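A.B. asks: Dropping a structure here in structure tokens format, bear with me for questions.
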Amino acid sequence: MKLLEDRIRQDGVVKAGGVLKVDSFLNHQLDVALLEELAGEFYRLFREEGVTKILTIEASGIAIAALTAQKFAVPALFAKKSRTSNMAGDVYTAPVESFTHGVTYQVMVSRDFLRPQDRVLLIDDFLANGKALEGLWSLVKQAGATAVGAGVCVEKAFQPGGDALRNQGLRVEALARIASMDETGVTFC
Ligand code: 5GP
């Protein structure tokens, strides 16, 4: 998606360790008008799929997931990284190794909010090694629900997650796919 690629070229900052910083518009400070355009693109890509729920992981997926949910007129659900005392009922859990922090979280969602009849669209800001989406997909499977696919804003295609998930049969759509990046800039696929 040209709009997102242009914005990454303009405001993205490449850090050491294969990390792209986009915190001025995507996952810290939020350019809501841009996010709404991205959400509209996810809607265009998945509108035939009978989506009943959007699922993401806290914290940086929540904003784009919420705007996407609004396009589909369905709830947005986010997997939590720690249990809170007021979490409803039993939970489904899955381990997720964090790309940016290196630690493994047990992410969880309440069983009340994922049902076997749900058709779930997974949404996240980034796809790198695929651990976040794998964990979310596992929660969907545990609930007996269907994952219709995954929409990510940025796929770092030089890292293995996207290919691994597609090979496992998940439809993965990325709005910007990065072939390579270094301190001189970003090259898109
Ligand atoms: P994965 O689980 O696919 O290895 O990594 C995806 C998760 O790690 C996303 O939820 C995202 O928050 C974070 N992440 C991965 N790569 C990057 C990156 O280059 N920049 C930022 N800001 N976050 C990233």
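In this text, residue positions in the sequence shown follow our numbering: the first is 138, and each later residue adds one.
Idealized CB from N, CA, C, for every residue including glycine.
From a predicted model like this one, the values you see are computed outputs, not experimental measurements.
Please specify which runs of the beta strand (DSSP E), each continuous and at least 3 residues long, are wholly inside the segment 241–273, giving them in chain order.
C.D. replies: With a minimum length of 3 residues, the continuous beta strand (DSSP E) runs that stay inside the segment 241–273 are 241–247, 256–264.
A.B. asks: Taking 6 Å as the cut-off, is the beta-carbon of Thr-237 closer than that to any non-hydrogen atom of the ligand 5GP?
C.D. replies: Counting from one through the sequence shown, the residue named residue 237 turns up at place 100. Yes, the Cβ of Thr-237 comes within 6 Å of a heavy atom of the ligand 5GP.
A.B. asks: Which term fits Ser-197, buried or exposed, when burial requires 16 or more other beta carbons within 10 angstroms of its beta carbon?
C.D. replies: Residue numbering aside, residue 197 sits at position 60 when the sequence shown is read from its first letter. Result: buried.
A.B. asks: Let me check understanding here. Comparing Cα to Cα, which of Gly-267, Cys-326, Thr-193 lies closest to Phe-236?
C.D. replies: Locating residue 236 in the sequence shown gives position 99, counting from the first residue. If we check each option's Cα against that of Phe-236, Gly-267 comes out closest.
A.B. asks: Please report the Cβ distance between Phe-179 and Gly-288, rounded to the nearest whole angstrom; I am assuming they are in contact, meaning their Cβ atoms lie under 8 Å.
C.D. replies: On the sequence shown, position 42 is the one that residue 179 refers to. On the sequence shown, position 151 is the one that residue 288 refers to. That pair is a contact at about 4 Å.
A.B. asks: Pull up the CB-CB distance for Leu-141 and Leu-312, whole angstroms please, since I reckon it's below 8 Å.
C.D. replies: Position 4 of the sequence shown, counted from the start, is the residue given in the question as residue 141. Position 175 of the sequence shown, counted from the start, is the residue given in the question as residue 312. That pair is a contact at about 5 Å.
A.B. asks: Thinking C-beta only, is Leu-192 closer than 7 Å to Val-285?
C.D. replies: Here residue 285 refers to the residue found at position 148 when the sequence shown is read from its first residue. Here residue 192 refers to the residue found at position 55 when the sequence shown is read from its first residue. No, the pair does not count as a contact, with Cβ atoms beyond the cut-off.
A.B. asks: In whole angstroms, give me the CA-to-CA distance for Leu-163 and Pro-253.
C.D. replies: The residue given as residue 163 occupies position 26 in the sequence shown. The residue given as residue 253 occupies position 116 in the sequence shown. Approximately 32 Å between the Cα atoms of the pair.
A.B. asks: Sorted by chain position, which residues of the same chain lie with C-beta nearer than 6 Å to Ala-176's C-beta, five sequence neighbours on each side aside?
C.D. replies: Counted from its first residue, the sequence shown places residue 176 at position 39. Here the set comprises Leu-204, Thr-205, Lys-208.
A.B. asks: Would you grab the beta carbon distance between Ala-213 and Ala-202 for me? Rounded to a whole angstrom, and I think it's under 8 Å.
C.D. replies: As a working mapping, residue 213 is identified with position 76 in the sequence shown. As a working mapping, residue 202 is identified with position 65 in the sequence shown. About 5 Å; that satisfies the 8 Å criterion.
A.B. asks: Starting from Glu-310, follow the beta strand (DSSP E) in both directions and report where the run begins and ends.
C.D. replies: The count along the sequence shown starts at 1 and reaches residue 310 at position 173. Here the beta strand (DSSP E) through Glu-310 covers 309–319.
A.B. asks: For chain B, check one thing: does any of its Cβ atoms lie closer than 7 Å to the Cβ of Asp-227?
C.D. replies: In the displayed structure, chain B is absent; only one protein chain is listed.
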